[in-house]
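Here is the structure we will look at.
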Amino acid sequence: MSSINDDFYILLNRRLYKIPLDYGNDITFFDIDQNVEFIGLEYCNLTQNIYAACNHDLHCMKLSPDHEIIVLVTTNGTIITLVYTFETISMVDLYEPDFGEKQFVTVGWGKKETQFHGSEGKKAAVVQPMKISQEELNNESYRVTWREDGSLFAVGFLHHENKMRRFKVFNREGVLQYTSELVDGLEESLSWKPSGSLIATTQNLLNKLVVVLFEKNGLKHREFLLPFKPTEFRVKDLFWSPDSEVLTIWCIMQEDSSSLLQLWTENNCHWYLKQTVRFPKDNALLHATWSTVSLSKKLIILTSKELIECDYNWCVNHSRGKSLYDKSVIGVIDGNKLLLTGLRIGIVPPPMAHKTLEMFESINAIVFAPDMEHEHTWIDSNTLFCVSDSNKLMFYKHVPDSLLLAYKHIGSYNLKWNVPTEFENSLYNMHHFLWFDVNKILCSLSTSRHSLLCVLYLNKVDDQTQGEVTVREIYTMGGLIQHIVPSPDSREAYILVENSGIVYTKESTLVPINVKLPDYTYQMEVINTGTKDIVVSLSHRNCFSINGRQTANNVTSFFVHSEFLLLTTLQHTLICVKINDKDFEELIRHDLTIKPWENLNSEKSFTDLNVRRVERGSQLIAAIPRNSKTVLQMPRGNLECVQPRALDLYIIGYYLDNCNYLAAFDVMRRQRINLNLIYDHDPKKFVENAENFVEQVSKPSWLSLLLSELGDEDVTTTIYANYYKKTNQANSGKVTVHKVELVSDLLRRIMESKSTANHLIQPILISLVKGKRKQGLESALIKVKEIKELERSATSTKYITPDEALKYLLYIVDVNVLFDTALGMYDFDLTMFIASKSQKDPKEYIPFLNDMKKLNENYMRYSVDLHLKRYESALEHIAKESNRFNECINLIRNHDLYTKALKLFEKESEQYKKIAKFYGEFLLKKQRYQEAGIMFHRSGDLRKAMNACKLAGSWQDVIILSMQMKLSVTEKHALYKDLANRLKNDKRYEEAADILINYLEDVEEAVIALCSGKQWKDAVRIAHDKESLNLIESRVRSSVYEHADHVMSQIEKNRQDFERHKSRLAIIRVNISESNEIICDNESVYDRGISDIFSDTSSVASSTLSQKSKFSNLSGKSYRSSKNRRKHERKLLSLKEGSAFEDLALIQALYQIVTNTYKERDELHALVQMLLYFADDDYAEKVQNSMEQFLRLIERKKFEIWDKSAPSSLTEMESAELSTDLLGLSASYKIIEPSVTSPPVANSTSWKLNIF
């Protein structure tokens, strides 16, 4: 066979036939003139020629896998190694006694003579001569097999002298490496596993045939038994599939010379017979081989009548039910045995199983019944039938009442054909069985160019005497059927024909659908997302497709759970996708190659998908319906069960919706799910069924666990937000208020009303602690006290003891906290009881408590509160003791309890005034002068009150207090003058002028104060009012013109700075634009000069300029204080030419100029009015025009300065928050304030006078 295109070459009657694998090409032949006998044909890819070995002293020929070396074996046992151009490399005598170059080295350890043989005695230490079977003597053929990499080959032969079959291993140059150990009964078949690990052959033992596996060094590795005796069959050949997964054994029946092909696979150290193909004598098997070209497992079979291609895929045979009654049964074929495991019952590692069904024929297929939960019938989803190698259907009924897995055989049936077809007697052409409904089975019948869809009808198959299976309908397909799978709708089934989808309906109609799946699709399922059916498939190279559209190329397996689609990936992850339209859209958008735990900072995330790690190479076997258990098979074959969080939460939600709180709590406890979910899942339902919850979850420890874990956080919006996306969207804005208090009080009331409340003391106490935020511990201790009193009065012993109740409380609260709480309740008996359960020294707490008992009520409580540092409560009690006011004052002053103390005394009392005085002194030290003045006033100390108000700047209060103090005229004048000076220093010129006019009657000083505050109109008003017109010329006019000159000079200075900074900014932007076009040495523009502005401890790491950002990765020290940060900012934003961030510094300077100009513009209105008052229209117009021209310049250039598209660092700096990795700044700090990145906006107030 050609390893290029799988074309077959057959030599028959001096004619060489070429049979193309493509049906579209015709068979060609070539005549051979010479009348010679050929013993072997090989196709060479290098020369594209056929090499034929003639029967002239040659026995066999084998070409290496790389087609470069030819191995010939002569009839006298000489091995000739040639290159494909017929140049001899070596010639070796096969019968030489040498072991080979890799001869074992031994020092005698482990000899049979030195080993202990137990009851067998010393005779067993003598090596017995090996008995040689007589049947082996007649077999003198040679066999050559190559390792897949072409570095070694093995030659099997029968030794002439000892008459035992062995094999020798040679390297590529024909040099002997190893010789196999002596094993009696070896047969001529020999095949090297492509993976290179083992060499397979068969061994004929007494009454049994075994397949023996040797290592390359010739030592026997292991063996497995074939399911027949040597008298029944003989093995003609065996060979491996290219991927080393399947061992194919060709057997000949001794009785009628019919052929048999068996396909064996190994898993978990056990060999399984998976498929058996029978060939009758009239259609004898001539040759079989595996394709090395096909991407699938393709077995090519040549018989005397036909050339057959068989494509094989791995599949998991499992029950199809989605309800709780489905036991998630997995069926495994092992020859004539069916191994059944119910994963819902328990997980049994293969090759063990819950139930083994043994039959009389080999099994080729397992088919489970559909889910008939809502129909009254004898089948359920666990019922099954098997298809034997003779196309016999064997039905097994599930026994539902059994605790374990039990089945009953109800009948075996041959097919009856009610439709004429030439394939009625075909044995291996029927595949893809699907139990469609109760009485109908679909399957495919393959022909040469297309498939037939056969519909099998079941008639009373549960009764062996009357039952029959009949083929009544046949539909011709347009190609070969690849898959027949069930639909979520029980009235439909999906058929894949040449990668195109067809729907078969219950009315026996075929409807094509617009779905085209990829080539080599080996798994296909149909899912209903609520609105439509979706075809999901897995094809060659791990390509996962949805409706034929590839969405991922790293999916190794998938399984459809009752509510989820589960996927495993090459990144060793398990992905759970809820079966709905939204989640499937998320699945299509996400990159499934990302590992969230390794890409925490990645832009791509799995926030909408549920991902967890699994062991390398894990494959999905099944996910139990209505359960979270998911079973995976490891590469070595063992099973592992995981419970993905998404499935756990779905199952918990299912239980909670059905008020099955016990099952939900058990799952949450086992899987460590936050117990707040019991309430947060559906608060209203939980409140309505809280009594039912307590009835089901009746264990005190479980109730205590729930109460201990309660928190006000809504876990459906935090921890499990991804699993409650729809609920969160519907309830957005919902806040859980006092959930802990609500649930604790609710459960406590229910528990206390129960007859078993005495046994629920622990959760009741916890609910008291959790439920009442402030008095929780006190309420719990009161409960303990009630139990203690109840114990004294009770006659029976059915009540829980106070010691046990206190022990429960000590589990959640520290004993010292309980002691302090009981002491704070002023209950010394309870305090003594708690102290006795602690590690406290009785010599300390007993005298302390006795001393407290001797005190009067108020002073005792004061002392206790003072001991517990509850100072406000202590103040309330000591305030009631009038003879202990000094202690009260000391408590107030030591702990700043002035506000509380003022509320405890009458305002007219001496105690109140004394406290107010101390409070005023306290406030004075804190520089809270206004409040201090009020307190001094209440204490009656008016002078201190006046001084405090003077410091506070409250001149009105100072004047009022001076009136109340009845000061002399001289004292008042000095006081008023001091007030005026203070106000002028604080730039409160109008208020200072008010005092100067009304109380000091100093008009000139008042006018001067108003002119200083630019209140010229008020100054003119007062001058006219007091008839001091000379002050207008001498004071007001000079002030106006002095300020006008300052404004003109400031406008000119700002204009010059504005134009200079604007021009410099334009030059810098041109330079940045040019440098971006020519990037040299991978240096960012920010690397230039950066080192000049950093300290010695800073370090700069340059980075390659990318399209995403121009920033270099810089690191330096952090500037935690605001002073250092501002200093560092000034260093960075320097206007010095050539500095790294000069463009940003210029923008900040321009921003400041524009902002100041807008403020001066608003003040200009009053100045222009005063110039007009003095009839200086020219100067007024000049000032106004200067400001107006400058403002027009700003508005004209403003958008050029703050141009977002300009080649400046401004664009990046607006969006990039510089962390400690950049410029040594804190994470929340930016080089320039966000407001500076946009142009200032002027308010819309009118400032111009339109009279010029």
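Residue numbers (the UniProt record's numbering): 1 to 1252. Glycine residues also receive a C-beta, built at the ideal position from the N, C-alpha and C atoms.
Give a single yes or no on whether Val71 has its beta carbon closer than 7 Å to a heavy atom of the ligand ADP.
Absent from the structure shown: the ligand ADP. Ligands present: none.
With Val769 as the anchor, note down where its alpha helix (DSSP H) starts and where it stops.
Annotation: the continuous alpha helix (DSSP H) that includes Val769 extends over Ile761 to Gly771.
8 Å contact criterion, which Val469 and Leu458 should meet: CB distance rounded
Rounded, the Cβ-Cβ distance is 6 Å, consistent with contact.
Taking the alpha-carbon of Arg861 as reference, which of Phe848, Ile878 and Asn850 has the nearest alpha-carbon?
Nearest of Phe848, Ile878 and Asn850 to Arg861, Cα basis: Ile878.
Sort out for me which residues DSSP pairs Thr202 with in a bridge.
Its beta-bridge partners are Val211.
Going by CA-CA distance only, name the one from Phe922, Phe848, Gln1184 and Asp1178 that's closest to Ala1166.
Each of Phe922, Phe848, Gln1184 and Asp1178 was checked against the Cα of Ala1166, and the nearest Cα belongs to Gln1184.
Assuming Thr1157 contacts Ile1194 (C-beta within less than 8 Å), just tell me the rounded distance between them.
In this structure Thr1157 touches Ile1194 by the C-beta definition: roughly 7 Å separates them, less than 8 Å.
What are the start and end residues of the beta strand (DSSP E) that includes Pro486?
Residues Ile481 to Pro486.
Check whether Thr509 and Arg491 have beta carbons under 8 Å apart:
Not in contact: Thr509 and Arg491 (Cβ atoms no closer than 8 Å).
Is it a yes or a no for the region 313–325 touching the region 618–626, going by three-plus beta-carbon pairs under 8 Å?
Segments in contact, yes.
Excluding the 5 residues preceding and the 5 following Cys641 in the sequence, name in chain order all residues of the same chain whose CB lies nearer than 6 Å to its CB.
Short of 6 Å from the beta carbon of Cys641, and not among the five residues preceding or following it, lie these beta carbons of its own chain, in chain order: Ile347, Lys629 and Val631.
First through last residue of the beta strand (DSSP E) which encompasses Trp702:
For Trp702, no beta strand (DSSP E) segment is defined; the enclosing uninterrupted segment is the alpha helix (DSSP H) at Pro700 to Glu709.
Where does Asp1096 fall in DSSP's three states?
Because Asp1096 sits at a pLDDT of 36, beneath the cut-off of 50, its placement in the model cannot be relied upon, and the following sentence gives the value as read from the coordinates. Of the three classes helix, strand and coil, the one that applies to Asp1096 here is coil, per DSSP.
If we count the other Cβ atoms within 10 Å of its Cβ and call it buried at 16 or more, is His376 buried or exposed?
Label assigned to His376: exposed.
Top-ranked residue by Cα proximity to Ile484, from Glu525, Glu1233, Glu1137 and Gln466
Of the residues Glu525, Glu1233, Glu1137 and Gln466, the one whose Cα lies closest to the Cα of Ile484 is Glu525.
Nearest by alpha-carbon distance to Leu1172: which of Glu1137, Phe1252 and Met430 is it?
When Glu1137, Phe1252 and Met430 are compared, the shortest CA-CA separation from Leu1172 is found for Phe1252.
Can you confirm whether the region 199–216 touches the region 85–96 when touching is taken to mean that 3 or more C-beta pairs between the two stretches lie within less than 8 Å?
No, the region 85–96 is not in contact with the region 199–216.
If you measure from the beta carbon of Gly174 to each beta carbon in chain C, is any gap under 8 Å?
Structure shown: chain C not included; a single protein chain is present.
By the 10 Å Cβ neighbour count, where 16 or more other Cβ atoms means buried, how is Ser796 classified, buried or exposed?
Reliability of the predicted coordinates at Ser796 is poor, the pLDDT of 48 falling under 50, and the value obtained from them is presented with this limitation in mind. Counting of Cβ neighbours within 10 angstroms places Ser796 among the exposed residues, the total staying below 16.
From His67 to Asn5, what distance separates their C-alpha atoms?
Spanning the two alpha carbons is a distance of roughly 15 Å.
C-beta atoms of Lys913 and Gly940 nearer than 8 Å
At a Cβ-Cβ threshold of 8 Å, Lys913 and Gly940 count as neighbours.
Spatial distance of Gly479 from Arg613 (CA atoms)
Between Gly479 and Arg613, the C-alpha separation is close to 41 Å.
If you follow the beta strand (DSSP E) that residue 1285 is in, where does it begin and where does it stop?
Outside the shown range of the chain, which is 1 to 1252, sits residue 1285, and nothing can be said about it.
Can you tell me where the alpha helix (DSSP H) holding Cys949 begins and where it ends?
In the DSSP assignment, Cys949 falls within the unbroken alpha helix (DSSP H) covering Leu942 to Ala952.
Exposed or buried, what is Val694 when buried is set at 16 or more other beta-carbons lying within 10 Å of its beta-carbon?
Classification for Val694: buried.
Status (buried if at least 16 other CB within 10 Å, exposed otherwise) for Cys54
Around the CB of Cys54, fewer than 16 other CB atoms lie within 10 Å, so the residue is classed as exposed.
Touch check for the region 1064–1073 and the region 1040–1049: three-plus C-beta pairs under 8 Å?
Using a C-beta cut-off of 8 Å, the region 1064–1073 makes no contact with the region 1040–1049, since fewer than three inter-stretch Cβ pairs fall below that distance.
Reducing DSSP to helix, strand and coil, say where Gly40 ends up.
Assignment of Gly40 by DSSP, reduced to helix, strand and coil, places it in the strand class.
With 16 as the cutoff for other CB atoms within 10 Å, does Arg165 come out buried or exposed?
With 16 or more Cβ atoms within 10 Å of its Cβ, Arg165 is classed as buried.
First through last residue of the beta strand (DSSP E) which encompasses Cys251:
Here the beta strand (DSSP E) through Cys251 covers Val246 to Met253.
Tell me which residue opens and which closes the beta strand (DSSP E) that Ser451 is part of.
It spans Ser451 to Asn459 - the beta strand (DSSP E) in which Ser451 sits, taken as one unbroken run.
Taking Ser1034 as the reference, give the member of Ala1019, Asp865, His1046 and Val667 with the closest Cα.
Nearest of Ala1019, Asp865, His1046 and Val667 to Ser1034, Cα basis: Ala1019.
For the beta strand (DSSP E) holding Tyr178, just list the boundary residues, first then last.
Run containing Tyr178: Leu176 to Thr179, per the beta strand (DSSP E) assignment.
Hey, Leu675 and Glu709: beta-carbon distance below 8 Å or not?
For the 8 Å CB-CB criterion, Leu675 and Glu709 form a contact.
When Ala835, Lys216 and Pro194 are compared against Glu245, the one with the closest alpha-carbon:
Residue nearest to Glu245 within the set Ala835, Lys216 and Pro194 is Pro194 (criterion: CA-CA distance).
Which residue wins for smallest C-alpha separation from Leu639, given the options Ile588, Pro351, Glu872 and Ser500?
Each of Ile588, Pro351, Glu872 and Ser500 was checked against the Cα of Leu639, and the nearest Cα belongs to Pro351.
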